[in-house]
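Residue numbers (the UniProt record's numbering), protein chains in the order written: chain A, 1 to 361; chain B, 1 to 361. The beta-carbon is built from N, C-alpha and C at its ideal position, and this holds for glycine as well. Note sheet for the following structure.
2 protein chains.
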Amino acid sequence: MAIQVALVGTGLVGSAILTQLALPTIAKHTVLVSVSNSKRTVFSPSGISLPLAADFVQTKGTELALSQLVAQLKEIRGKAEKTVLIDSTASPAVANAYPEILKAGISIITPNKLALSSGSALFDSIQAALDADPSIRLLHESTVGAGLPIISTLNDLVRTGDKVKRIEGVFSGTLSYIFNNFSPATPPEEPPMFSDIVGQAKKLGYTEPNPHSDLSGSDVARKLTILARLLPETPIPLPEGYLSVPTSSLSPEGLETLEDGDEYVEKLKDSDVEFEQMRKRAEQMGQVLRYVGVVDVEKCTVQASLETYPATHPFATSLGGSDNIIAFHTERYSRPLIIQGAGAGAAVTAMGVMSDLLKLV
Amino acid sequence: MAIQVALVGTGLVGSAILTQLALPTIAKHTVLVSVSNSKRTVFSPSGISLPLAADFVQTKGTELALSQLVAQLKEIRGKAEKTVLIDSTASPAVANAYPEILKAGISIITPNKLALSSGSALFDSIQAALDADPSIRLLHESTVGAGLPIISTLNDLVRTGDKVKRIEGVFSGTLSYIFNNFSPATPPEEPPMFSDIVGQAKKLGYTEPNPHSDLSGSDVARKLTILARLLPETPIPLPEGYLSVPTSSLSPEGLETLEDGDEYVEKLKDSDVEFEQMRKRAEQMGQVLRYVGVVDVEKCTVQASLETYPATHPFATSLGGSDNIIAFHTERYSRPLIIQGAGAGAAVTAMGVMSDLLKLV
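Structure below.
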């Protein structure tokens, strides 16, 4: 009655998932039947040794063909309670295959935002596959807030009949780190330059190799799309997914295509004066800058933007490091339900994946 | 394949549970087979109409005999995927029957803290019944923080291999309201008297009829017991349950046995000077008073007490109303994972019960 697990993606998060799959609490319910990286795959219905899995796929793996893997999983799925594919890639090809995977009777657990935050065509066909067979699940706790219980809390609010009015928060760990340090509640005597902080964040591994993709706000827009689509009868239409979300980019024009991250940070210096002016203007009014996302059901809007908050606001005082903070304003929770904590990192992201897996047990 | 539900307790929380059971998201998975109040019970394997359930038990109910109800549920449980008893009473008799109920193959969902926070004898026999049959569950999300995802988050941390170091928080909605108003981060010019605030809390329905049981701290000690017992290999032994937790009582000696709540508040005036001195002393050091609970795994201690916090601490700045706030300090979350929001109220408590029920679907 174990759950058959196929893991696709063996990067930082994938490796953390393999580590957590080996925990006795999880291992007693699961058997790893396949592991794939971006090029190779191994498939073994009798189970793959977890400590050796990553090596095994390197040395013994055959060329990855996703459709073939799905066919193989479909063939063995009758032998277990459930068969689950974990997508810990950032691959559009895997995301586009979700409808096919679900139709084959295979559930999906994913920290990958692509499939759920892109255009309606893909999203609707995923939804149709799920509606066709209620025993198949698509779980994605770690697409928003990593291991923080954001998706499950929103689902619980909705399913128990609460009315969500507004969701507001700091959704990007990277932008949280940048603004917690660039615009703290108590400013230092010699405030740092914006580009220096971005460079620091890059060194700490908080940004993508090129910080453009973080500063563009698209990561936040994707998370907002995922949350908005969980609301009943999707009150806010997002036909083109995250591209439908009004998003303020902090990345200067012309730098989108730079391939070298260090060069990006160097060129960002040209914008330091502008960011410093924004910071100062806010400071003079007793405010701080925070990059936030809002899903406002009452106003029927979704938006990702740089905003000012009073220096006494929780977004100013209680955030630190690369914390996420998400506030749910609902009919029942007039004072918001707030969840805060590290919103990025391999171990906490893998925790979100495992908590989904434990829901299937 | 529906879940058979027997509800025991039709007070404020029980009524909210009946309302939420009628939601389409829940009703499609469940059938209400029994409802009981403290005196009467109805049992109908074919299902009881939800809007009429509370009236029905009043007019058509027969005398409640818990053992008989358990026997009836045991008899019909083969006809459904799962059979669940929801205990929304405050009854020790029901709590003491948990082992018998579980052994009969009936899962339990409960917002009632009694069974899980009392002595080891009851707790161990509950645990033994659960260990004997992994298909039977005891879920209790709303015993701590009402609808806030406290229990599920702690379980996820533990099951995914994180090491919990410390859990710290404001666990009592009543004491949160009292100290948020008696000792706010920004004190008013004319600070109110402690007994006045307790009287207000009583008027708003935030306290028990006699505020002694809130001010004694035992509610907090019970919640800490429940959390400590969820930690792996119970690192902190609590042989007598909440009675083993060092707990500072704020209720003056000699008032424990007063039956009249108004008289209690009147007599509490004798302690106003003492509370005012504590508040002032804290204020002079830039601090506020908060009644907190701590489970400290590293120090192997559990404690409920009145403490001081800097006026800039989240417990001082971001709390309001009757909010709970709970911070998990773990190996992964060195900056804590924090959950905050209303920690009491019938609708949010029922939400916690329903989120447990949805886990069984």
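Just to confirm, are residue 388 of chain B and residue 143 of chain B a CB contact at a threshold of 8 Å?
Only positions 1 to 361 of chain B appear in this structure, which leaves residue 388 of chain B out of reach.
DSSP state of residue 98 of chain A mapped onto helix, strand, coil:
helix
Could you tell me which chain A residues have their CB closer than 8 Å to the CB of residue 153 of chain B, listed as they occur along the chain?
149
Residue range of the alpha helix (DSSP H) that includes residue 24 of chain B
Bounds of the alpha helix (DSSP H) holding residue 24 of chain B are 24-27.
How would you list, in chain order, the residues of chain B whose beta-carbon sits under 9 Å from the beta-carbon of residue 342 of chain A?
332, 333, 334, 335 and 337
Can you pull the chain A residues whose beta carbon is under 7 Å from the beta carbon of residue 20 of chain B, in chain order?
160 and 161
Do you know how far the Cα of residue 188 of chain B is from the Cα of residue 304 of chain A?
37 Å
Per-residue burial, residue 141 of chain B [other beta carbons within 10 Å of its own, 16 or more giving buried]
buried
Along chain A, in chain order, which residues have C-beta atoms closer than 7 Å to that of residue 355 of chain B?
156 and 160
Stretch-stretch touch, CB-based, cutoff 8 Å, three pairs: the segment 333-341 of chain B with the segment 337-347 of chain A:
Yes: at least three Cβ pairs fall under 8 Å.
Over the uninterrupted beta strand (DSSP E) stretch that includes residue 34 of chain B, give me the two end residues.
30-36
Counting only runs of 4+ residues fully inside the segment 50-134 of chain B, write out the alpha helix (DSSP H) ranges in chain order.
The segment 50-134 of chain B contains these whole alpha helix (DSSP H) runs: 53-60, 66-76, 92-96, 98-103, 114-117 and 120-132.
DSSP puts residue 296 of chain A in a beta bridge; with which residues?
A/166 and A/301
Neighbouring residues, chain A, relative to residue 314 of chain B (Cβ below 8 Å)
314, 317 and 318
Helix, strand or coil: which one does DSSP assign to residue 229 of chain A?
DSSP places residue 229 of chain A in helix when its eight states are reduced to three.
Under the three-state reduction of DSSP, which class applies to residue 42 of chain B: helix, strand or coil?
strand
Do you know how far the Cα of residue 245 of chain B is from the Cα of residue 172 of chain B?
15 Å
Paired residues, beta bridge with residue 323 of chain B - DSSP:
B/342
Taking the alpha carbon of residue 52 of chain B as the point to measure from, which residue in B/34, B/38, B/13 and B/157 has its own alpha carbon closest?
B/34
For the pair the segment 17-33 of chain A and the segment 75-89 of chain A, tell me if three or more CB-CB distances fall below 8 Å.
Counting Cβ pairs under 8 Å, three or more are found: they touch.
Looking only at DSSP bridge pairs, what is residue 4 of chain A linked to?
A/31 and A/83
Would you call residue 20 of chain A buried or exposed, if buried means 16 or more other Cβ atoms sit within 10 Å of its Cβ?
Residue 20 of chain A comes out buried.
Straight-line CA distance for residue 15 of chain A to residue 7 of chain A?
10 Å
Neighbour flag for residue 321 of chain A against chain B, beta carbons, 8 Å
yes
Can you give me the C-alpha to C-alpha distance between residue 278 of chain A and residue 217 of chain A, rounded to a whole angstrom?
In this structure, the straight-line span from the alpha carbon of residue 278 of chain A to that of residue 217 of chain A is close to 18 Å.
If you measure between the beta carbons of residue 119 of chain A and residue 240 of chain A, is that distance less than 8 Å?
yes
Does any residue of chain A have a CB that is nearer than 8 Å to the CB of residue 225 of chain B?
no
Does residue 329 of chain B come out as helix, strand or coil in the three-state DSSP assignment?
strand
Kindly list the residues whose CB is nearer than 6 Å to the CB of residue 302 of chain A, restricted to its own chain and excluding five residues on each side of it in sequence; keep chain order.
224, 228, 236, 245 and 295
Would you mind working out which of A/98, A/88, A/263 and A/76 sits nearest residue 195 of chain A, comparing C-alpha positions?
A/263
Looking at C-alpha atoms only, which residue of A/209, A/94 and A/306 is the closest neighbour of residue 375 of chain A?
Nothing about residue 375 of chain A can be reported from this structure: the residues present for chain A run from 1 to 361 only.
CB contact flag (residue 176 of chain A, residue 323 of chain A, <8 Å)
Inclusion of residue 176 of chain A and residue 323 of chain A in the CB contact set at 8 Å is warranted, their separation being smaller than that value.
8 Å Cβ cutoff, residue 301 of chain B in contact with chain A:
no
Out of curiosity, what's the CA-to-CA distance linking residue 213 of chain B and residue 276 of chain B?
So the alpha carbons of these two residues sit roughly 21 Å apart.
Within chain A, partners of residue 348 of chain B - CB distance below 8 Å:
332 and 333
Presumed contact (8 Å Cβ cut-off) between residue 23 of chain B and residue 160 of chain A, rounded CB distance:
7 Å
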